[in-house]
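Here the structure comes first, spelled out in structure tokens, and everything after it is commentary.
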Amino acid sequence: MIKQWASWSAIALAAAATCSPVLAQDKIKVGFMLPYSGTYAALGNAIENGFRMYVGEQGGKLGGREIEFFKVDDESDPAKATDNVNRLIKRDKVDVIVGTVHSGVAMAMAKAAKESGTVLIVPNAGADAVTGPMCAPNIFRSSFSNWQPAYAMGEVVAKKEGKKNVMTLTWKYAAGEESVNGFKEGLEKNGGKVVKQLTLPFPNVEFQALLTEIAAAKPDAVYSFFAGAGAVKFVKDYHAAGLSKTIPLYGPGFLTDGTLEAQGEAAQGMLTTLHYADELGTERDKAFRVNYAKNYKLQPDVYAVQGYDAAQMLTVGLKAAGGDISKKDAFRTAIEKATIASPRGNFTLSKAHNPVQDIYLRKVDGKENKNIGIAVKALADPARGCRM
Ligand code: BEZ
310 MIKQWASWSA IALAAAATCS PVLAQDKIKV GFMLPYSGTY AALGNAIENG
360 FRMYVGEQGG KLGGREIEFF KVDDESDPAK ATDNVNRLIK RDKVDVIVGT
410 VHSGVAMAMA KAAKESGTVL IVPNAGADAV TGPMCAPNIF RSSFSNWQPA
460 YAMGEVVAKK EGKKNVMTLT WKYAAGEESV NGFKEGLEKN GGKVVKQLTL
510 PFPNVEFQAL LTEIAAAKPD AVYSFFAGAG AVKFVKDYHA AGLSKTIPLY
560 GPGFLTDGTL EAQGEAAQGM LTTLHYADEL GTERDKAFRV NYAKNYKLQP
610 DVYAVQGYDA AQMLTVGLKA AGGDISKKDA FRTAIEKATI ASPRGNFTLS
660 KAHNPVQDIY LRKVDGKENK NIGIAVKALA DPARGCRM
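Here you go:
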């Protein structure tokens, strides 16, 4: 009798193991597709650090589920993007993709995510199309659209700085082009004009001939989009050419975020616009900064914040879905309704799943991008072309 009870109970336990919330025991597979080499390597690392730090703060689990990480170095190379993202989707069978930095790579990822239904959280790349024509129920962004900080800077340059004739200089790919378009919109609305647009291929850093052209044209100001190692070299070259004394250089905050240690004197006094700044002074930001410095022996930057917030967004969705990411409607609706308590300040998501957020005006002072005011409050990307 005892023997029989034992075998029934073994059967019952086995059945419970199959029908029970197996999901609660499995790990959620998160695939980082980020640049770990090349000009944007530091940005990729900061995003991963921020994401992992939030997971650590939650005791290693999000929405009750342990996390298993997978990683692909996308090298900021759009030509390799489809193969790379398919490694995560088809080979590793991840539940969520977190990536990437480069807009061109992100567009290939958005296409693959849309086709496969895999959840994609974009922790940097600002490609307007991702939350424009390519928007989808399973695609979310924890960062910004290229239009957002650029539009704000257009307003600042024309209205506050009173500069009307502006030349632009950027890398020739989606982020640079869209940044200039957004800047132009804000500038022209306020009576300014882009007099010439200069470009060089990504990730080229041979700026000399272009700086000579700027010096000869003598515009009122220059607007540039560069980031990472390229931004370090550009700001230093601009300063070394003697241009910063006579022709002020403006840009979205990527020009000076995470780069000030290396840019040193060359960046002092520069004004940029971004959805994060050093010394925001809130309790939320202070705690984030202290913990980041403790964990990584580094000061955080906007990229770390975006990685951290990608993990927060995933948590909101997972909690609402009871840890089961296949409950797509619950997962998505919760993120759509959430207010994310970010170190940057609270933000919500637009219908296209892009942050609606304050854009700060920042001034470089020593090794900090100090907040000197809000350039545009609760700025929403226009999400042109998004049908959802
Ligand atoms: C982008 O390609 O979208 C991008 C890269 C670095 C910083 C900001 C935007």
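The sequence shown runs 310 to 697 under our numbering.
Every residue, glycine too, gets a C-beta built ideally from N, C-alpha and C.
Asked, Found
"Is valine 410 near the ligand BEZ, judged by its Cβ being under 7 Å from some heavy atom?", "yes"
"Which runs of the beta strand (DSSP E) fall wholly inside the stretch 657-696 and span at least 3 residues, in chain order?", "664-674, 677-688"
"May I ask you to report which of helix, strand or coil DSSP gives lysine 469?", "helix"
"Tell me whether proline 460, by its Cβ, gets closer than 7 Å to a heavy atom of the ligand BEZ.", "It should be noted that the sequence gives tyrosine, not proline, for residue 460. Answer for tyrosine 460: no, Cβ out of range of the ligand BEZ."
"Using CA atoms only, rank isn't needed, just tell me which of Lys469, Ala524, Trp480, Val541 is closest to proline 512.", "Trp480"
"If you compare alpha carbons, which of His662, Leu583, Leu507 is closest to arginine 641?", "His662"
"Have a look at the DSSP bridge pairing and note the partners of valine 339.", "Phe378, Val405"
"Looking only at its chain, what residues have a beta carbon closer than 7 Å to the beta carbon of arginine 593, apart from the 5 residues adjacent to it on each side?", "Ala650, Pro652"
"Helix, strand or coil, according to DSSP, for serine 425 in the structure here?", "helix"
"Is alanine 434 near the ligand BEZ - that is, is its Cβ less than 7 Å away from at least one heavy atom of it?", "yes"
"Start and end of the beta strand (DSSP E) containing serine 451?", "Note, serine 451: premise wrong, no beta strand (DSSP E); not H, not E."
"Using 8 Å as the Cβ pair cut-off and three pairs as the minimum, do the stretch 495-511 and the stretch 451-466 touch?", "yes"
"With leucine 560 as the anchor, note down where its beta strand (DSSP E) starts and where it stops.", "For the sequence presented, residue 560 should be read as glycine rather than leucine. Per DSSP, glycine 560 belongs to the beta strand (DSSP E) from 558-561."
"May I ask which residues mark the beginning and end of the alpha helix (DSSP H) holding phenylalanine 712?", "Not covered by the structure: residue 712. The range shown for the chain is 310 to 697."
"Can the beta-carbon of asparagine 447 be found less than 8 Å from the beta-carbon of alanine 422?", "yes"
"Report the partner residues of glutamine 506 according to the DSSP bridge assignment.", "Thr477"
"In this structure, what does DSSP give as the bridge partners for glycine 654?", "Ser651"
"For isoleucine 356, name the three-state secondary structure that DSSP assigns.", "helix"
"Under 8 Å between C-beta atoms, does glutamate 574 make it to chain C?", "Checking the listed chains, one finds no chain C in this structure; it contains a single protein chain."
"With burial defined as no fewer than 16 other Cβ atoms inside 10 Å of the residue's Cβ, what is the status of serine 635: buried or exposed?", "exposed"
"If you draw a straight line from the C-alpha of alanine 388 to the C-alpha of valine 414, how long is it?", "8 Å"
"Leaving aside the five residues before and after serine 346 along the sequence, list all residues of the same chain whose C-beta is less than 8 Å from its C-beta, in chain order.", "Asp382, Glu384"
"Between aspartate 546 and leucine 564, which are expected to be in contact by the criterion C-beta below 8 Å, what is the C-beta distance as a whole number of angstroms?", "In fact, because the Cβ distance is near 13 Å, the residues do not count as touching under 8 Å."
"Determine the closest residue to leucine 343 out of Gly463, Ser425, Lys679, Val431, with distance taken between C-alpha atoms.", "Val431"
"Could you give the uninterrupted runs of the beta strand (DSSP E) lying entirely in the stretch 573-617, keeping only those of 3 residues or more?", "580-583"
"Buried or exposed for alanine 613, please, with buried defined as at least 16 other CB atoms from any protein chain shown within 10 angstroms of its CB.", "buried"
"Hey, how far is the Cα of alanine 518 from the Cα of lysine 628?", "54 Å"
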